[in-house]
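Participant: This is the structure I have questions about; it appears just below.
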Amino acid sequence: MGPRVRKRSRRRIWLGLLLVLVAWASVRLTSLLLSAAQPVDAVLVLGGSIQREVYAARLAREAPQIPILISQGSEPPCIWEIFERDAAPISRVWLELCADSTFGNFYYSVPILERWGKRHVRLVSTRNHFPRAGWLGRILLGAKGIWLDEDRMGERGVPANTESPLKTAVDVTRALGWAVVSQVYTPQCGTVQRLDQIDLAAWKTRGYRCERIVPQ
Numbered sequence: 351m352g353p354r355v356r357k358r359s360r361r362r363i364w365l366g367l368l369l370v371l372v373a374w375a376s377v378r379l380t381s382l383l384l385s386a387a388q389p390v391d392a393v394l395v396l397g398g399s400i401q402r403e404v405y406a407a408r409l410a411r412e413a414p415q416i417p418i419l420i421s422q423g424s425e426p427p428c429i430w431e432i433f434e435r436d437a438a439p440i441s442r443v444w445l446e447l448c449a450d451s452t453f454g455n456f457y458y459s460v461p462i463l464e465r466w467g468k469r470h471v472r473l474v475s476t477r478n479h480f481p482r483a484g485w486l487g488r489i490l491l492g493a494k495g496i497w498l499d500e501d502r503m504g505e506r507g508v509p510a511n512t513e514s515p516l517k518t519a520v521d522v523t524r525a526l527g528w529a530v531v532s533q534v535y536t537p538q539c540g541t542v543q544r545l546d547q548i549d550l551a552a553w554k555t556r557g558y559r560c561e562r563i564v565p566q
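To convert a position in the sequence shown, counted from 1, into this note's numbering, add 350.
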């Protein structure tokens, strides 16, 4: 095979990959627009401070039919106490307990939301956590055809997240790479609990401490 033939072959390969990418992007864009037109069918709460779970309890009271997924938030009994205090329903509240970062929140939560068949997600976090959380959510949820609405709540007390342009750039770069990989590989969190199924007796025996709730 001569140099010209190899050059033409490489050109065809790159052209084929480009066409596949354009076709995939077109399908995803169409799916996102259809998802955006649907009502919100799930809430994703990013862990980081107990104030976010207080806010989630309010959302559960307002729309008890919409499932809530809290990604690596406060200790499970602390969240249970918040919902109990606020008389908020807990049968449709789930806890994802695998994540250890904002990127991890989406890494483990997106497959759960996809498995639930959700198409329009309300993302809850504090104002200081955005825009990084919003960028990650739009990339990683969007790669699965799931539309995202941002819910930027206020926060009292010590901020749960420290943000910087560098931190945002690093996470966005990771997210773009993972958006591709996630098309062929789906991670699983082995610790996902429904809030009404946590073992309170075991937690009380073990002992736990809850972050103080700052009055709004």
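All C-beta atoms, glycine included, are put in the ideal place defined by N, C-alpha and C.
If I follow the unbroken alpha helix (DSSP H) through Arg-482, where does it start and stop?
Facilitator: Position 132 of the sequence shown holds residue 482. Unbroken alpha helix (DSSP H) run through Arg-482: 482-492.
Participant: Going by DSSP in three states, Asp-501 sits in which element: helix, strand or coil?
Facilitator: Indexing the sequence shown from 1 puts residue 501 at position 151. Of the three classes helix, strand and coil, the one that applies to Asp-501 here is strand, per DSSP.
Participant: Return the chain-ordered list of same chain residues with a C-beta closer than 8 Å to the C-beta of Met-503, the five sequence neighbours on each side being excluded.
Facilitator: The count along the sequence shown starts at 1 and reaches residue 503 at position 153. Excluding residues within five positions, the ones whose Cβ falls inside 8 Å are Gln-401, Arg-402, Tyr-405, Val-474, Ser-475, Thr-476 and Arg-477.
Participant: Suppose only complete runs of 3+ residues qualify. What are the beta strand (DSSP E) ranges in the stretch 378-430, listed by chain order?
Facilitator: The qualifying runs are 392-396 and 418-421.
Participant: Do Ala-312 and Leu-486 have their C-beta atoms closer together than 8 Å?
Facilitator: Examination of residue 312 is not possible in this model, given that the chain is present from 351 through 566 alone.
Participant: Does the separation of the CB atoms of Leu-419 and Leu-394 fall below 8 Å?
Facilitator: Indexing the sequence shown from 1 puts residue 419 at position 69. Indexing the sequence shown from 1 puts residue 394 at position 44. Yes; because the gap between Cβ atoms is below 8 Å, this pair is in contact.
Participant: With C-beta atoms as the reference, is Val-471 less than 8 Å away from Leu-498?
Facilitator: Locating residue 471 in the sequence shown gives position 121, where the first residue counts as 1. Locating residue 498 in the sequence shown gives position 148, where the first residue counts as 1. It is a contact, given that the beta carbons lie within the stated cut-off.
Participant: Around the C-beta of Gly-423, are 16 or more other C-beta atoms found within 10 angstroms, so that it is buried, or is it exposed?
Facilitator: Along the sequence shown, read from residue 1 onward, the residue named residue 423 stands at position 73. The residue is buried, with at least 16 neighbouring Cβ atoms inside 10 Å.
Participant: Taking the straight line between their C-alpha atoms, what separation do you get for Trp-444 and Pro-417?
Facilitator: For this step, residue 444 is matched to residue 94 along the sequence shown. For this step, residue 417 is matched to residue 67 along the sequence shown. Looking at the two C-alpha atoms, the distance is approximately 8 Å.
Participant: Check Ser-329 in the structure and name its three-state DSSP category.
Facilitator: With the chain covering only 351 through 566, there is no way to say anything about residue 329.
Participant: Consult DSSP for Gln-543 and reduce its assignment to one of helix, strand or coil.
Facilitator: Mapped onto the sequence shown, residue 543 falls at position 193. It is a strand residue.
Participant: With a threshold of 6 Å on Cβ separation, who are the neighbours of Gly-527 within its own chain once the five nearest residues in sequence on each side are excluded?
Facilitator: For this step, residue 527 is matched to residue 177 along the sequence shown. Result list for Gly-527: empty, nothing under 6 Å.
Participant: Counting only the same chain and skipping the five closest in sequence on each side, list residues whose C-beta sits under 6 Å from that of Arg-544.
Facilitator: In the sequence shown, residue 544 corresponds to position 194, counting from 1. Contacts found: Trp-444.
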